[in-house]
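Contents: one structure, followed by commentary.
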Amino acid sequence: MSTFVPASRVSRIKISPSTAAAARARELKAAGRDIVDLTVGEPDFDTPDAIKAAAHAAIDRGETKYTAVNGTPALRNAIIGDFQRRLGLTYADNEICVGGGAK
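In structure tokens:
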């Protein structure tokens, strides 16, 4: 069997600036510095139990596939209701679009 040799372009892959900054923040925290890490949008607390339970329930229901690009109708309707209750704002379903975060 031959030895795997990656393409030379692999050597040009660099760590992303946000990942490098997050690593530096972890190093400083480990060294005892008081750091507020705003680098990668990852909370510094565990996921609340209610969210964990809801995620497990969704998996148990088979909700494990990609959803519509603009979000599920149930989620869009929940957002519409929330905006109405909390902010007094009224939106139609076609005015709400839910997108996943991306880098």
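So for the sequence shown, UniProt numbering puts the first residue at 1; every next one is plus one. We put the beta carbon where it would ideally sit given N, CA and C, even for glycine.
- prompt: Would a C-beta distance cut-off of 7 Å place V98 and G71 closer than the cut-off?
  reply: yes
message: Could you check if D49 belongs to the surroundings of the ligand ZN, using beta carbon to heavy atom distance under 6 Å?
response: In the structure on display, the ligand ZN does not appear, and there are no ligands present to speak of.
query: Can you give the Cα-Cα distance for R12 and G100, rounded to whole angstroms?
result: 28 Å
- request: Apply the 10 Å Cβ neighbour rule to R33 and answer buried if 16 or more other Cβ atoms are within range, or exposed otherwise.
  value: exposed
- prompt: If you draw a straight line from the alpha carbon of A22 to that of Y66, how long is it in whole angstroms?
  reply: 29 Å
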